[in-house]
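J.: Please see the structure below; I have some questions.
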Amino acid sequence: MKQLSIQKKIVLWFSAMLLIIVLLISAMTFAIAGSVLNENIRERLYDIVAVNVNEIEYWNRLTDTEAEPGDQFLKYENGWLEIDDDFCDVFEGISTALYDADGNLLYGNMPIKISSSKLLAFTKIGKTDYKGETYYVYDKPLTAEGLEGLWVRGVISQNESVNILYNVVRLSFWLLPALALLAVLGGYIITRRSFLPVEQIAKSAEEIGKGGDLSKRLDIGSGNDEIHMLADTFNEMFARLENNFNAEKQFTSDASHELRTPVSVILAQAQYALEFAETPEEYREALEVIERQGNRMGDIISQLLFFTRLAQGTETVNKEEVCLSALVEEACAEQKMLPQEDRKNISLICDVSPDVYALTDRSLLTLCLNNLISNAYKYGKENGHIRVSLCRDTDKILISVKDDGIGISPENLPKIWERFYQADSSRSADINERGLGLGLSMVSQICKLLDITAEVNSTLGEGSEFTLEF
Ligand code: ADP
Numbered sequence: 000m001k002q003l004s005i006q007k008k009i010v011l012w013f014s015a016m017l018l019i020i021v022l023l024i025s026a027m028t029f030a031i032a033g034s035v036l037n038e039n040i041r042e043r044l045y046d047i048v049a050v051n052v053n054e055i056e057y058w059n060r061l062t063d064t065e066a067e068p069g070d071q072f073l074k075y076e077n078g079w080l081e082i083d084d085d086f087c088d089v090f091e092g093i094s095t096a097l098y099d100a101d102g103n104l105l106y107g108n109m110p111i112k113i114s115s116s117k118l119l120a121f122t123k124i125g126k127t128d129y130k131g132e133t134y135y136v137y138d139k140p141l142t143a144e145g146l147e148g149l150w151v152r153g154v155i156s157q158n159e160s161v162n163i164l165y166n167v168v169r170l171s172f173w174l175l176p177a178l179a180l181l182a183v184l185g186g187y188i189i190t191r192r193s194f195l196p197v198e199q200i201a202k203s204a205e206e207i208g209k210g211g212d213l214s215k216r217l218d219i220g221s222g223n224d225e226i227h228m229l230a231d232t233f234n235e236m237f238a239r240l241e242n243n244f245n246a247e248k249q250f251t252s253d254a255s256h257e258l259r260t261p262v263s264v265i266l267a268q269a270q271y272a273l274e275f276a277e278t279p280e281e282y283r284e285a286l287e288v289i290e291r292q293g294n295r296m297g298d299i300i301s302q303l304l305f306f307t308r309l310a311q312g313t314e315t316v317n318k319e320e321v322c323l324s325a326l327v328e329e330a331c332a333e334q335k336m337l338p339q340e341d342r343k344n345i346s347l348i349c350d351v352s353p354d355v356y357a358l359t360d361r362s363l364l365t366l367c368l369n370n371l372i373s374n375a376y377k378y379g380k381e382n383g384h385i386r387v388s389l390c391r392d393t394d395k396i397l398i399s400v401k402d403d404g405i406g407i408s409p410e411n412l413p414k415i416w417e418r419f420y421q422a423d424s425s426r427s428a429d430i431n432e433r434g435l436g437l438g439l440s441m442v443s444q445i446c447k448l449l450d451i452t453a454e455v456n457s458t459l460g461e462g463s464e465f466t467l468e469f
């Protein structure tokens, strides 16, 4: 039993229960039906005789009658008997007849003969046998004026009830098992269809477990039942797994690709120093290059980890009411503190409207601004200008970082937001001075996270303007 699937267990249980119920109901039906039918036949006999008695009237003269077509008239003593056409001599197996005091049949139909000693002997319903068959008999004397001495007898064969019982038995014999079979079949189909998605879920989970396709989703159609809810939850889990897996894959591939250059530089410097360096200055020079490359590797790893956390959704976003005016001013002040050689004698103008607030994440937005301003320094021209402005329009807030540096060519403009993209490496010939190509990609990811639109306007040789729109 333990080896059976849930579906089979349910179907088996319901089939067994249904069989027991059908058998019990059939037994009870047969037991009760017999007595109920007998009782019912007696009642019908009683009622029909009582009705027929009321359909007989006595008239002194024929001319007094209000005869309707179908009414019968019999000569009786000094007058006439009117038998209404509603008198049922044979109805639903019950035969009725009218007798006089001597037992002569005056009107009606009587399938059995009862000895003359039993005239008007069944004023209470009784049984009598005739030609091997049992009959119920009921006699009722007529009491209306002129009808004294007359009586009506009704009979019905007990076989009538047996016939009906036989029909009930025959019907139950086919109908109950047919209904039970239908119920079992319906139950089987419903449980099968309900459990089919479970099999699918198990199969997909197994495939994914074996290192199969993480982009696979359970497609079990639409529905609101528990199984569909389970499938939706699984799909959400698969999506998260796929996302995390892809983010980690991306990290591994980016890291191995981007760390290759600094690692080669470090190895080359180390080999050079070991083989050719003689003076402490030459060793020092080599160590400085190694240190810079080490720092660069550190930067690459921490920025890549930041991207991975963003993609996995584990980088927390703490939105709060932030005073943008103060935040932009602080970012400018911080950048002004960079070493003189990084600032290329560029003057930074901070043009900030006071008291501008927004619901955003303080540290992520600062990271964004720092990236934009340090790019403006990096790609700005010697003795040039950078203008950082914050202003509020009717329905939006704008932060802009504008420089008069080298600018970006139109064909490179769409690509600058891509990961590791650097417009023109030749523009910054010294490998040590080069960025990572991750700054703007990070800006675009953060903006997506904070619902900010980031745009750039740039003319090659004239300068660029980056705008953040809240
Ligand atoms: P990087 O580390 O190279 O600065 P970013 O992602 O910050 O990487 O920028 C990508 C590329 O976009 C840069 O290599 C540069 O060519 C171009 N770029 C970014 N900011 C500016 C700017 N203010 N002026 C001109 N070019 C820019």
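For the sequence shown, numbering that gives the first Met the number 0 gives the first residue as 0, with consecutive numbering after it. Quick reminder that beta carbons are idealized off the backbone N, C-alpha and C, glycines included.
#1: When the Cα of Glu-284 is compared with those of Tyr-271, Met-296, Arg-361 and Arg-295, which residue comes out closest?
#2: I'd like to know if the segment 165–176 and the segment 21–33 are in contact, where contact means that at least 3 CB-CB pairs between them fall below 8 Å.
#3: Counting pairs of Cβ atoms below 8 Å between the segment 154–161 and the segment 73–81, do you hit three or more?
#4: Report all residues from its chain with a CB closer than 6 Å to the CB of Lys-8; omit the five preceding and five following residues, and keep chain order.
#5: Enumerate, from N- to C-terminal direction, the unbroken beta strand (DSSP E) stretches of 3 or more residues contained entirely within the segment 337–412.
#6: In the DSSP output, what is Pro-140 paired with across the bridge?
#7: Considering only DSSP beta bridges, list what Phe-465 is partnered with.
#8: Looking at the secondary structure, which residues open and close the beta strand (DSSP E) in which Glu-81 lies?
#9: Answer with yes or no whether the minimum CB distance from Glu-329 to chain C is below 8 Å.
#10: For the structure I just gave you, are there three or more beta carbon pairs, one from the segment 364–378 and one from the segment 320–328, closer than 8 Å?
#11: Give the single residue among Tyr-137, Ile-200 and Ile-113 whose Cα lies nearest to the Cα of Ile-124.
#12: Here's the rule: buried if 16 or more other CB atoms are within 10 angstroms of the residue's CB, otherwise exposed. What is Asn-431?
#13: When you compare each of Leu-358, Leu-240, Gly-312 and Ser-346 to Glu-319 by their alpha carbons, which one comes out closest?
#14: Output yes or no for whether 8 Å exceeds the beta carbon distance between Val-387 and Leu-347.
#15: So for Leu-258, helix, strand or coil by DSSP?
#16: With DSSP as the reference, please indicate the residues paired to Thr-133 in a beta bridge.
#17: Express the C-alpha separation of Tyr-420 and Phe-250 in angstroms, rounding to a whole number.
#18: Grouping DSSP H, G and I as helix and E and B as strand, with all else coil, what is Leu-3?
#19: DSSP three-state label for Lys-74, please.
#20: For Ile-5, count neighbouring Cβ atoms within 10 angstroms of its own Cβ and tell me buried if that reaches 16, exposed if not.
#21: Consider the C-beta atom of Gln-199 and the heavy atoms of the ligand ADP; say whether any pair is separated by less than 7 Å.
#22: What do you reckon, is the C-beta of Leu-435 under 7 Å from a heavy atom of the ligand ADP?
#23: For Cys-322, report the span of its beta strand (DSSP E) as first-last.
#24: DSSP beta-bridge partners for Trp-58?
#25: Is it buried or exposed for Pro-409, if we count other Cβ within 10 angstroms and need 16 for buried?
#26: What first and last residue would you give for the alpha helix (DSSP H) that runs through Ala-310?
#27: Going by CA-CA distance only, name the one from Glu-290, Pro-279 and Thr-278 that's closest to Leu-266.
#28: Return yes when the C-beta of Asn-370 is under 7 Å from any heavy atom of the ligand ADP, and no when it is not.
#29: Just the C-alpha distance for Asp-128 and Asp-84, rounded to the nearest angstrom, thanks.
#30: I'd like the span of the alpha helix (DSSP H) that includes Leu-435, first residue to last.
#31: May I ask you to report which of helix, strand or coil DSSP gives Ala-276?
#32: For Leu-389, verify whether its CB is less than 7 Å away from any heavy atom of the ligand ADP.
#33: Cβ of Gln-311 versus every heavy atom of the ligand ADP: is any distance shorter than 7 Å?
#34: Going along the chain, which residues of its own chain have a beta-carbon closer than 8 Å to the beta-carbon of Ser-463, five neighbours each way excluded?
#35: Give me the Cα-Cα distance between Leu-184 and Ile-82, rounded to the nearest whole angstrom.
T.: Answer, in terms of the structure:
#1: For this step, residue 284 is matched to residue 285 along the sequence shown. Nearest neighbour of Glu-284 by Cα position, chosen from Tyr-271, Met-296, Arg-361 and Arg-295, turns out to be Tyr-271.
#2: Cβ pair count under 8 Å is three or more, so yes.
#3: No: the two stretches stay apart, fewer than three of their Cβ pairs being nearer than 8 Å.
#4: Your numbering for residue 8 matches position 9 in the sequence shown. The answer is none, since no qualifying residue turns up.
#5: 346–351, 356–360, 384–391 and 396–402, all fully within the segment 337–412.
#6: For the purposes of this step, residue 140 is taken as residue 141 along the sequence shown, with counting starting at 1. Within the DSSP bridge table, the entry for Pro-140 names Trp-150 as partners.
#7: Reading the sequence shown from its first residue, position 466 is the one you call residue 465. Note: Phe-465 sits in a beta bridge opposite Val-400 and Val-455.
#8: For this step, residue 81 is matched to residue 82 along the sequence shown. For Glu-81, the uninterrupted beta strand (DSSP E) segment begins and ends at 78–82.
#9: Annotation note: the requested chain C is absent from the structure, which comprises a single protein chain.
#10: Segments in contact, yes.
#11: Position 125 of the sequence shown, counted from the first residue, corresponds to residue 124. Ranked by how close their Cα comes to the Cα of Ile-124, the residues Tyr-137, Ile-200 and Ile-113 have Tyr-137 in first place.
#12: Numbered from 1 along the sequence shown, position 432 holds the residue referred to as residue 431. For Asn-431, the predicted structure reports a pLDDT of 48, less than 50, and the residue's modelled location is therefore unreliable. A value from the coordinates is still provided. It counts as exposed.
#13: As a working note, residue 319 is residue 320 in the sequence shown. Of the listed residues, the one whose Cα sits closest to Glu-319 is Leu-358.
#14: By one-based count along the sequence shown, residue 387 stands at place 388. By one-based count along the sequence shown, residue 347 stands at place 348. A contact, by the Cβ cut-off of 8 Å.
#15: Locating residue 258 in the sequence shown gives position 259, counting from the first residue. Looking at Leu-258 - three-state DSSP - the assignment turns out to be coil, as it is neither helix nor strand.
#16: Mapped onto the sequence shown, residue 133 falls at position 134. Paired residue(s): Asp-128.
#17: Residue numbering aside, residue 250 sits at position 251 when the sequence shown is read from its first letter. Residue numbering aside, residue 420 sits at position 421 when the sequence shown is read from its first letter. Take the alpha-carbon of Phe-250 and the one of Tyr-420: they are about 16 Å apart.
#18: Along the sequence shown, one-based indexing puts residue 3 at 4. Of the three classes helix, strand and coil, the one that applies to Leu-3 here is coil, per DSSP.
#19: Your numbering for residue 74 matches position 75 in the sequence shown. Collapsing the DSSP output to three states places Lys-74 in a strand.
#20: Here residue 5 refers to the residue found at position 6 of the sequence shown. Here Ile-5 is exposed, its C-beta having fewer than 16 other C-beta atoms within 10 Å.
#21: By 1-based counting over the sequence shown, the position of residue 199 is 200. Checking every heavy atom of the ligand ADP against the Cβ of Gln-199, none is found closer than 7 Å.
#22: The residue given as residue 435 occupies position 436 in the sequence shown. For the ligand ADP, at least one heavy atom lies less than 7 Å from the Cβ of Leu-435.
#23: In the sequence shown, residue 322 corresponds to position 323, counting from 1. Per DSSP, Cys-322 belongs to the beta strand (DSSP E) from 318–322.
#24: Taking the sequence shown and counting its residues from 1, the one referred to as residue 58 is at position 59. Answer by DSSP bridge pairing, in chain order: Trp-79.
#25: Your numbering for residue 409 matches position 410 in the sequence shown. Exposed.
#26: Locating residue 310 in the sequence shown gives position 311, counting from the first residue. Start and end: 279–311.
#27: Translated into positions along the sequence shown, residue 266 becomes position 267. Comparing Cα positions, the closest option is Glu-290.
#28: Looking up residue 370 in the sequence shown gives position 371. Yes, Cβ of Asn-370 sits closer than 7 Å to a heavy atom of the ligand ADP.
#29: Counted from its first residue, the sequence shown places residue 128 at position 129. Counted from its first residue, the sequence shown places residue 84 at position 85. For Asp-128 and Asp-84, the distance between alpha carbons rounds to 30 Å.
#30: Along the sequence shown, one-based indexing puts residue 435 at 436. Per DSSP, Leu-435 belongs to no alpha helix (DSSP H) and is neither H nor E.
#31: As a first step, residue 276 must be located in the sequence shown, where it is residue number 277. The answer is coil: DSSP assigns Ala-276 none of H, G, I, E or B.
#32: Here residue 389 corresponds to residue number 390 of the sequence shown, with the count starting at 1. It does not: the Cβ of Leu-389 is nowhere closer than 7 Å to a heavy atom of the ligand ADP.
#33: Residue 311 sits at position 312 when you count from the first residue of the sequence shown. Gln-311 Cβ: outside cutoff for every heavy atom of the ligand ADP.
#34: Residue numbering aside, residue 463 sits at position 464 when the sequence shown is read from its first letter. Here the set comprises Ala-375, Tyr-378, Lys-401, Asp-402, Gly-404, Gly-406, Ile-407, Val-455, Asn-456 and Ser-457.
#35: Along the sequence shown, read from residue 1 onward, the residue named residue 184 stands at position 185. Along the sequence shown, read from residue 1 onward, the residue named residue 82 stands at position 83. So the alpha carbons of these two residues sit roughly 59 Å apart.
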